[in-house]
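These notes are about the structure you will find just below.
Residue numbers (the numbering used here): 2 to 262.
Here it is in structure tokens:
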């Protein structure tokens, strides 16, 4: 009660699991609300794996997309409710490894890489290993890098690129094994971009709050466009984001070379 009263006095009400020992002493546990979103993302990634094992590739791809949405919400909820914690950060990283590393690799393998034999599982493993390395590097460099940019393709975007490719193909009745080399290129390429030095805009300088009416109208129009053909539109958005980062990095390298001359 004392802890809850203290939070209320400061105007910030949080949700927290508190464990009590038999001795009557109490100690802080983990914040419940943001970790519920993280658990939801973890479950969505696990569901994607199970769905792919049963040949439900559209459902598997949607599961990965849902995991990305939930992953984007847990950090925002933690900041809004002032419930950030080291436990939450570590749990989020482990959840990301499953939802954006293991799940996309296995879904892509089941849909369009299995008939490539060793090349198929190598492409899937390259993606998985790079996703794990990307997450580890992000955890180490989080405090030292420019918050406006990600170094390397963000793992949720890489997972979204793979998932929307599977979703689009499955929704059109395409057997992934008929385009297996394209699938392998996209999967391995997304993995390598995650551990590259290419900078991608994070959009973290944009905060949720009061916005002009035209911004709200733009969001509504964007949602309408997405719902016209979700897999096609989301795949196009992912491709544009990936290509834009590559072009900006090449432009920066060219300007750097010109300055040295």
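The beta carbon of each residue, even a glycine, is placed where N, CA and C say it ideally should be.
(request) Please determine, among 128, 200, 104, 94, the residue with the shortest C-alpha to C-alpha distance to residue 141. (result) 94
(request) Please report how far the alpha carbon of residue 47 lies from the alpha carbon of residue 89, in whole angstroms. (result) 19 Å
(request) Round the Cβ separation of residue 188 and residue 109 to the nearest angstrom and send it over; I've been treating them as touching at under 8 Å. (result) 5 Å
(request) Give every residue of the same chain whose Cβ lies closer than 6 Å to the Cβ of residue 113, excluding the five residues on either side of it in the sequence, and list them in chain order. (result) 177, 178, 181, 184
(request) Could you tell me which residues DSSP pairs with residue 152 in its beta bridges? (result) 200
(request) May I have the straight-line CA-CA distance separating residue 243 from residue 235, to the nearest angstrom? (result) 12 Å
(message) Please identify the residue among 33, 213, 116, 200 whose C-alpha is closest to the C-alpha of residue 245.
(response) 200
(request) Kindly confirm or deny that the stretch 120 to 139 and the stretch 91 to 107 touch, where touching means at least three C-beta pairs closer than 8 Å. (result) yes
(request) Work out the CA separation of residue 41 and residue 87 for me, nearest whole Å. (result) 19 Å
(message) Buried or exposed, going by whether 16 or more other CB atoms sit within 10 Å of the CB of residue 230?
(response) exposed
(request) For residue 193, I'd like the list of residues in its chain whose CB is within less than 8 Å of its CB, leaving aside the five on either flank, ordered along the chain. (result) 127, 131
(message) Between which residues of its own chain and residue 227 is the CB-CB distance below 7 Å, once the five residues before and five after are set aside?
(response) 234, 235
(message) Among 58, 43, 52, 51, whose alpha-carbon lies nearest the alpha-carbon of residue 173?
(response) 58
(request) Can you say whether residue 24 is buried or exposed, counting buried as having 16 or more other CB atoms within 10 angstroms of its CB? (result) Unreliable positioning characterises residue 24 in this predicted model, as indicated by a pLDDT of 42, which lies under 50. The coordinate reading is nonetheless provided below. Answer is exposed; the Cβ neighbour count stays below 16.
(request) With DSSP as the reference, label residue 80 as helix, strand or coil. (result) helix
(request) For the alpha helix (DSSP H) holding residue 108, just list the boundary residues, first then last. (result) 104 to 109
(request) Figure out for me which residue from 60, 232, 153 has the closest Cα to the Cα of residue 136. (result) 153
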